[in-house]
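>
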Amino acid sequence: MISKKALFSVLLIGLIGVAAGAGTFAYFSDTEQADGMFQAGTIDIAINDQNPWMESFEMIDMKPCKTTEEANVELTNVGTNPALIYKHIDVTDYNTGLERFECPVTNEMFSSEPEWTIEANPQFDEEGNVTNVDINRIDDIHNQTEYTLTIDGQQIPLCLFDIETVGDVDCNWMFLGVLEPGDSMMVNQTYKLSADAGNEYQGDQFNFTMTFKALQTNDETTLEDHVVVDLTEPEVPLKLYDTDKETELEVGDIVDVDEFWDRMWLHNVGFEPIKVNVYANGWSSTWDNLEPCKPVGWALGDDQGVWELILVEEIISNGNGEWQVTLTPVDDNGQPV
Ligand SMILES: [Ca+2]
Ligand SMILES: [Ca+2]
Ligand SMILES: [Ca+2]
21 MISKKALFSV LLIGLIGVAA GAGTFAYFSD TEQADGMFQA GTIDIAINDQ NPWMESFEMI
81 DMKPCKTTEE ANVELTNVGT NPALIYKHID VTDYNTGLER FECPVTNEMF SSEPEWTIEA
141 NPQFDEEGNV TNVDINRIDD IHNQTEYTLT IDGQQIPLCL FDIETVGDVD CNWMFLGVLE
201 PGDSMMVNQT YKLSADAGNE YQGDQFNFTM TFKALQTNDE TTLEDHVVVD LTEPEVPLKL
261 YDTDKETELE VGDIVDVDEF WDRMWLHNVG FEPIKVNVYA NGWSSTWDNL EPCKPVGWAL
321 GDDQGVWELI LVEEIISNGN GEWQVTLTPV DDNGQPV
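Count along the sequence shown from 1, add 20, and you get the number used in this note's numbering.
(1) Suppose the cutoff is 8 Å on Cβ atoms and the five residues either side in sequence are ignored; what does the same chain contact list for Thr237 look like?
(2) In chain order, what residues of the same chain have a beta carbon less than 8 Å from the beta carbon of Asn92, not counting five sequence neighbours either side?
(3) Go through the segment 140–187 residue by residue and report every complete run of the beta strand (DSSP E) that reaches 3 residues or more, in order.
(4) Between Gln344 and Asn338, is the Cβ-Cβ spacing less than 8 Å?
(5) I'd like the list of long-range same chain contacts for Asn297, defined as Cβ closer than 6 Å, with 5 residues on each side in sequence excluded.
(6) If you count every other CB in all the chains shown that lies within 10 Å of the CB of Asn309, and 16 or more means buried, which is it?
(7) Report the rounded CA-to-CA distance for Lys259 versus Glu311, giving the unit in angstroms.
(8) What would DSSP say about Phe280, mapped onto helix, strand or coil?
(9) When every heavy atom of ligand 2 is checked, does at least one fall within less than 7 Å of the C-beta of Asp81?
(10) How is Val189 classed by DSSP in three states: helix, strand or coil?
(11) Any residue with its C-beta under 6 Å from a non-hydrogen atom of ligand 1 counts. Can you list them all in chain order?
(12) Please name the residue in Gly148, Phe226, Glu147, Asp159 whose C-alpha comes closest to that of Glu139.
(13) Quick one: is Ser131 buried, meaning 16 or more other Cβ sit within 10 Å of its Cβ, or exposed?
(14) Looking only at C-alpha atoms, which of Tyr211, Glu90, Thr96, Thr242 sits nearest to Pro72?
(15) Sorted by chain position, which residues of the same chain lie with C-beta nearer than 8 Å to Ile65's C-beta, five sequence neighbours on each side aside?
(16) Compute the distance between the beta-carbons of Leu329 and Pro356, then report whether it is under 8 Å.
(17) When the Cβ atoms of the segment 186–197 are set against those of the segment 243–255, are three or more pairs found closer than 8 Å?
(18) In the DSSP assignment, what are the bridge partners of Phe291?
(19) Taking C-alpha atoms, which residue in Thr62, Glu342, Thr51 lies nearest to Pro201?
(20) Rounded to a whole number of angstroms, what is the C-alpha to C-alpha distance between Thr436 and Pro134?
(21) Which of the three DSSP states is assigned to Pro84 in this structure?
(22) Are the beta-carbon atoms belonging to Thr241 and Lys212 less than 8 Å from one another?
(23) Report yes or no: do the segment 139–152 and the segment 115–128 share at least 3 C-beta pairs separated by less than 8 Å?
(24) I'd like the span of the beta strand (DSSP E) that includes Trp307, first residue to last.
(25) Is Asp250 near ligand 3, with its Cβ less than 7 Å from a heavy atom?
(26) Please determine whether the Cβ atom of Ile158 lies at a distance below 7 Å from any heavy atom of ligand 3.
(27) Identify the residues that DSSP records as bridge partners of His246: which are they?
(28) What residue does the beta strand (DSSP E) around Glu333 start on, and which one ends it?
(29) Less than 8 Å between the CB atoms is what I'm expecting for Val341 and Glu292, so what's the real figure, rounded?
(30) Considering just the uninterrupted stretch of the beta strand (DSSP E) at Lys314, what are its terminal residues?
(31) Is any non-hydrogen atom of ligand 3 found closer than 7 Å to the C-beta of Glu220, if you look at the structure I gave you?
(32) Going by DSSP in three states, Leu347 sits in which element: helix, strand or coil?
(33) To the nearest angstrom, report how far apart Thr51 and Asp203 are at their CA atoms.
(34) Measure how close the beta-carbons of Pro8 and Gly317 come, nearest whole angstrom, since I'm counting them as under 8 Å.
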């Protein structure tokens, strides 16, 4: 049995249906339609035409001042989007490396007798027998390995970021630039054992991994902490430092040289070698080929006690990569003496 209320509803709907069908209108119209597809873009790099990258680098028999090994790679953006390119070196392990010499007291292995002599500090009796050793391993050879980075033929002045050795670059993500789809970037790196590396580094070895990462251009968070390698040539490639590179000097600065001798440093922070002439009250000196990141120092002072203060008067370019630094002795009031 249908209730009264339900019956009323059914009737009302029937009536509306009749009303709608009572008049029919025509309208002009047009519809356009296309098939759609959603696909994510890609971020993908290939290195030296390998994707994935399967190379490894082995640098052996390195000696102070001797060999420079290279790790050169060509990075290609094979994805569909521009990508931020980063590089990372991680020193995973360092140790004594070659084991050719056995400590006569502890039987520990060293690379050579000279290395053992330094690291074991042996004591001898009158017959020349080793009586005691005090072993202190010095195997941090990554801190003695000088590192350079060149991108698309431009050497990067890593000294600007306090990076000189592999130890300095270890664990730093470095931003190398943006790579458009299809474009390539040449990244050349050199590894050289420092001229200061003594016998304690004989045969020593470090292992490392080299990683390149590509990120979306709007990704500011994945590698928030990184060093930006600036590829623009600085307007002034020359920096002048006071004693032991502690303080950078600028035009107008006054250096106290009454401590008899004071050291000053010239530092090329540009990409190309430059020529620098330094003038100081009749004295002059020229550095013909000041390499990037190879600071040179000289002693500045006056043993006759006439110069007490030196004004950095001018740092100017003479054009063609030639720079001039003028230093003027001044009195307490900053007036030339
Ligand atoms: Ca890849
Ligand atoms: Ca060793
Ligand atoms: Ca060692």
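All C-beta atoms, glycine included, are put in the ideal place defined by N, C-alpha and C.
Only a predicted model underlies this, so the values are computations on that prediction, with no experimental measurement involved.
Taking the geometry as given:
(1) Asn101, Pro102, Ala103, Leu104, Val198
(2) Met206, Val207, Asn208, Gln209
(3) 150–152, 165–171
(4) yes
(5) Thr306, Gln344
(6) exposed
(7) 13 Å
(8) Its pLDDT being 49, under 50, Phe280 is placed unreliably in this model, and the value from its coordinates should be taken loosely. Three-state DSSP puts Phe280 in coil, outside helix and strand.
(9) no
(10) helix
(11) Asp64, Ile65, Ala66, Asn71, Pro72
(12) Asp159
(13) buried
(14) Thr96
(15) Asn71, Leu95, Thr96, Asn97, Val98, Gly99, Ala103, Ile105, Leu199, Phe232, Ala234
(16) no
(17) yes
(18) BP columns for Phe291 are empty, so no partner.
(19) Thr62
(20) In the structure as shown, the chain begins at 21 and stops at 357. Residue 436 is therefore absent and cannot be evaluated.
(21) coil
(22) no
(23) yes
(24) 303–310
(25) no
(26) yes
(27) In the DSSP output, where bridge partners are listed per residue, His246 has none listed.
(28) 329–339
(29) Reading off the sequence shown, one finds Gly at residue 341, where the question assumed Val. Confirmed, about 6 Å.
(30) No beta strand (DSSP E) holds Lys314; DSSP gives it neither H nor E.
(31) yes
(32) strand
(33) 42 Å
(34) There is no way to answer for residue 8, as the model of the chain reaches only from 21 to 357.
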